[in-house]
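Protein chains in written order, with our numbering: chain F, 253 to 453; chain H, 253 to 453; chain X, 253 to 453; chain S, 253 to 453. Every residue gets a Cβ at the ideal spot worked out from N, C-alpha and C, and that includes glycine. As the structure is a computational prediction, the values presented were derived from the model and not from experiment. Structure first, then comments.
Number of protein chains: 4
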Amino acid sequence: MTTRRIESLADGIFSIAMTLLVLNLALPEMGADLTPATELHDLLFGQTHEFFNYALSFILLAIFWSVHHQQFHFIKRTDHTHLWINICSLMFVALVPFSTSLTGDYPDETTAKLFFDLNLFILGTLNALNWTYATNNYRLVDRGLDPRRISAENRRDAIIPVVALLAMVLAFITPLWSSCVYLLVPVMSAHSWFRHKKPGK
Amino acid sequence: MTTRRIESLADGIFSIAMTLLVLNLALPEMGADLTPATELHDLLFGQTHEFFNYALSFILLAIFWSVHHQQFHFIKRTDHTHLWINICSLMFVALVPFSTSLTGDYPDETTAKLFFDLNLFILGTLNALNWTYATNNYRLVDRGLDPRRISAENRRDAIIPVVALLAMVLAFITPLWSSCVYLLVPVMSAHSWFRHKKPGK
Amino acid sequence: MTTRRIESLADGIFSIAMTLLVLNLALPEMGADLTPATELHDLLFGQTHEFFNYALSFILLAIFWSVHHQQFHFIKRTDHTHLWINICSLMFVALVPFSTSLTGDYPDETTAKLFFDLNLFILGTLNALNWTYATNNYRLVDRGLDPRRISAENRRDAIIPVVALLAMVLAFITPLWSSCVYLLVPVMSAHSWFRHKKPGK
Amino acid sequence: MTTRRIESLADGIFSIAMTLLVLNLALPEMGADLTPATELHDLLFGQTHEFFNYALSFILLAIFWSVHHQQFHFIKRTDHTHLWINICSLMFVALVPFSTSLTGDYPDETTAKLFFDLNLFILGTLNALNWTYATNNYRLVDRGLDPRRISAENRRDAIIPVVALLAMVLAFITPLWSSCVYLLVPVMSAHSWFRHKKPGK
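Pasting the structure below:
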């Protein structure tokens with residue numbers, strides 16, 4: 253059992269979850285008695301929130317995918333526990349279109365936002381666990397891997413769980429705007445990427 | 253015709269079937285006159301059963317996928333019969349989202365549970381047949397393959413058909429709880445995995 | 253531009269089209285006032301036709317996929333025309349779930365059956381064209397390819413278009429049963445596979 | 253982080269988006285009281301426009317996919333900015349089934365057409381940016397890459413944005429026919445492909 257197979261399943265699940273997000277955008281009902289011009293405007297401008305959610309979830313999934321691949325660049329072997337951490341992680345990847353849809357339909361509801369935030373928190377935590385498990389005592393990585401790179405990746409893996417916790421707190425105060433805090437993730441990831449490149453290479 | 257191509261089609265079908273499972277989770281109707289707060293609670297807590305089914309089917313498909321890949325690690329060639337065993341097996345993989353959805357919508361119905369159990373029973377049997385056909389007289393595997401490994405895999409392949417039969421019996425007694433018996437599969441697979449590792453390596 | 257990329261896109265489209273077929277199976281309406289037991293029986297036994305269609309289209313797509321891969325085993329290069337033959341062919345692969353659904357919803361209608369048969373006829377013809385174009389004057393295959401193998405593959409590629417034409421004729425006489433003629437395809441392909449193996453190896 | 257992983261995610265997203273296009277074709281409502289024969293004719297012939305849109309979007313996505321792969325044939329490395337250009341580009345690939353569906357439902361509406369055209373314009377521009385960024389100062393390509401090939405690819409990448417702009421202008425004059433201008437894309441691409449082959453090889 254090589255890691256190549258996990259990567260291939262993961263690529264499949266990530267790409268499908270990312271494409272299914274678009275199904276959350278509402279289409280006009282077929283056959284309804286439309287007064288097209290006005291309704292189309294309502295349909296498009298009435299879901300600015302959904303378009304924002306689509307872009308946000310797409311980008312967050314892309315970040316998870318890129319973290320997943322960077323981890324697997326160093327992970328050379330796999331074992332039973334590692335396989336199950338990954339399967340659980342993919343289960344929450346496939347759940348993202350559902351929780352994105354909830355936040356789109358109930359933009360003002362704390363519960364909907366908490367569901368979405370919890371989904372990302374668990375996904376981020378499993379991702380961090382994947383790396384910790386694999387690098388602990390060089391279990392699944394090469395002995396020669398730079399310890400600074402291991403801890404740089406650890407710091408980076410903490411970003412999403414911390415931001416998700418912050419979003420949960422905000423969901424109690426202002427549910428409508430709480431998702432905006434995720435815009436910090438690309439910024440912080442990029443920052444951490446550059447800090448991580450400099451000492452490494 | 254190499255086995256690499258079958259693996260690539262199988263990875264695709266497994267990852268899509270696993271992601272389509274999430275479409276079984278009910279989303280709120282668009283445009284209905286909602287009283288959001290209460291309805292959202294009902295929507296989420298009213299489908300605990302569906303969430304359990306989602307996780308169960310995802311994990312069962314992940315187990316089938318991992319068995320498939322472990323078999324293909326040893327299977328070096330393919331032939332016409334082997335190709336058709338695999339195509340039939342993938343046909344029942346793609347059917348899992350449908351039968352999962354049936355058990356979610358009719359949690360108390362023996363018929364719905366039997367349909368789901370039968371789907372898994374056929375899938376498990378085809379999987380076992382795949383291995384028996386390939387290893388019989390070393391037809392598609394290398395001569396050097398350890399016979400103990402062949403029979404360890406045979407024992408492991410019997411787990412899912414046996415558990416599915418057990419679930420069918422339970423479906424007549426207590427349909428609502430019969431699916432819980434599948435929780436034995438990960439436990440027994442893990443157990444069999446470790447017994448299988450020790451003599452092999 | 254190597255053929256590997258075309259194969260990768262084709263594997264994706266084939267596996268998605270094969271999995272989407274299952275969406276044609278009707279699920280119970282959510283929230284309808286059901287009298288579960290009877291309705292579930294009606295739901296399942298009322299769509300025996302749909303289950304047959306699901307299995308038939310899955311197997312036909314699997315045959316197309318396997319022919320596609322056997323052709324690409326010999327095709328070493330690609331060019332602009334060849335790329336477009338393949339893209340058009342994939343367009344009709346992706347259309348199969350739609351035409352399957354039509355025949356399921358209108359099992360007695362000649363028009364629905366003709367649509368399905370035409371879809372398969374075009375797909376089969378493009379497949380045959382793919383091979384003829386590639387092997388004509390050894391354009392995209394190696395000089396050393398056995399001419400008997402080329403013509404064996406040509407004969408095999410003719411099976412689906414011919415059967416589809418036969419199905420079209422039958423669709424005017426007995427639409428409900430016309431699809432059964434496709435059961436000839438696996439039989440004839442297997443026969444042609446064995447004839448094709450003997451001289452080749 | 254190698255380019256192979258971006259290609260694998262891209263192949264997944266392209267193949268899913270291309271297959272999801274077919275979901276835009278309207279299927280008969282289940283359980284409606286049909287007068288089958290006439291309704292089926294209406295269903296099929298009433299959506300000639302949708303069939304045209306399906307084929308058009310499928311072919312445009314296939315062109316984007318083939319351009320993407322030809323670029324990646326020369327791009328040997330990746331960096332953070334390049335990764336994000338690609339993720340944004342894939343986000344607009346996944347949006348194509350939605351905007352295709354809009355133009356199908358509102359064939360006479362300027363707004364719907366503008367949405368579709370804007371989607372393709374952004375996608376085409378990101379594609380061109382991908383190449384410009386990668387080849388600027390040989391950032392991600394080999395030093396030995398023929399400068400004439402770089403500028404030939406630049407010219408070819410300009411086709412879709414220019415045609416999309418033209419379609420936007422036409423959408424104000426004759427929304428119903430404006431999409432036909434995209435038929436220029438395959439013609440112009442083929443032309444540019446041949447001009448590009450001759451000096452290159």
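Is residue i buried or exposed, if buried means 16 or more other CB atoms sit within 10 Å of its CB?
i	result
H:Ser-403	exposed
X:Val-348	buried
S:Ala-284	With a pLDDT of 49 at S:Ala-284, under the threshold of 50, the modelled position of that residue is not reliable, and the figure given next carries that caveat. It is exposed - the Cβ of S:Ala-284 has fewer than 16 other Cβ atoms within 10 Å.
S:Lys-450	Low local confidence applies: a pLDDT of 48 at S:Lys-450 is under 50, so the model's placement there is unreliable, and no value is given.
S:Cys-340	buried
S:Asn-388	exposed
H:Ile-425	exposed
H:Tyr-358	buried
X:Thr-330	buried
H:Ala-364	buried
F:Arg-256	exposed
S:Phe-266	buried
X:Thr-271	buried
X:Pro-399	exposed
F:Leu-435	exposed
X:Phe-297	exposed
H:Thr-254	exposed
Closer than 8 Å by beta-carbon distance: list the chain S residues that pair up with residue i, in chain order.
i	result
F:Ala-307	Met-343
Opposite residue i in the DSSP bridges: which residues?
i	result
F:Ile-327	F:Val-393
Would you say residue i reaches chain F, if we count a Cβ-Cβ gap shorter than 8 Å as a contact?
i	result
H:Gly-264	yes
S:Ser-403	no
H:His-301	no
H:Ala-386	no
H:Ala-419	no
Applying a beta-carbon distance threshold of less than 7 Å, which residues of chain S neighbour residue i?
i	result
X:Leu-335	Ser-318
Give the secondary structure of residue i by DSSP, where H, G and I count as helix, E and B as strand, and everything else as coil.
i	result
X:Gln-299	coil
X:Pro-359	coil
S:Ala-380	helix
S:Leu-428	helix
H:Ala-314	helix
F:Ala-416	helix
F:Arg-257	helix
S:Ala-410	coil
F:Leu-335	helix
X:Leu-277	coil
H:Asp-398	coil
Under 9 Å Cβ-Cβ, which residues of chain X neighbour residue i?
i	result
H:Leu-272	Thr-271, Leu-272, Val-274, Leu-275
What in chain H is Cβ-close to residue i, meaning under 8 Å?
i	result
F:Leu-366	Chain H residues near F:Leu-366: none, gap ~10 Å exceeds 8 Å.
F:Ile-374	Chain H residues near F:Ile-374: none, gap ~12 Å exceeds 8 Å.
Is there a C-beta anywhere in chain S that falls below 8 Å from the one on residue i?
i	result
X:Tyr-199	In the structure as shown, chain X begins at 253 and stops at 453. Residue 199 of chain X is therefore absent and cannot be evaluated.
F:Phe-310	yes
X:Phe-304	no
Tell me, please, whether the CB atom of residue i is closer than 8 Å to any CB atom in chain X?
i	result
H:Leu-347	yes
H:Phe-297	no
S:Leu-292	yes
S:His-332	no
H:Arg-329	no
S:Ala-284	Reliability fails at S:Ala-284, whose pLDDT of 49 lies under 50, so the model's placement of it is uncertain and the value that follows must be treated cautiously. No, because no Cβ of chain X sits closer than 8 Å to the Cβ of S:Ala-284.
Using beta carbons (cut-off 8 Å, strictly below), is residue i in contact with chain H?
i	result
X:Ser-267	yes
X:Ala-416	no
F:Leu-381	no
F:Phe-424	no
Run down chain H in chain order and give the residues with a C-beta less than 7 Å from the C-beta of residue i.
i	result
F:Leu-261	Asp-263, Phe-266, Ser-267, Trp-317
Which residues in chain X sit within 7 Å of residue i, going by Cβ to Cβ distance?
i	result
S:Ala-410	Result: empty, since nearest Cβ-Cβ is about 19 Å, beyond 7 Å.
H:Arg-257	His-321
Under 9 Å Cβ-Cβ, which residues of chain F neighbour residue i?
i	result
S:Thr-352	Result: empty, since nearest Cβ-Cβ is about 11 Å, beyond 9 Å.
Are there any heavy atoms of the ligand ZN lying less than 7 Å away from the beta-carbon of residue i, as far as the coordinates show?
i	result
F:Ala-364	Absence of the ligand ZN from the depicted structure is noted, as is the absence of any ligand whatsoever, leaving it without description.
For a contact meaning CB atoms closer than 8 Å, what does residue i contact in chain F?
i	result
S:Thr-363	Ala-289, Leu-292, His-293, Leu-296
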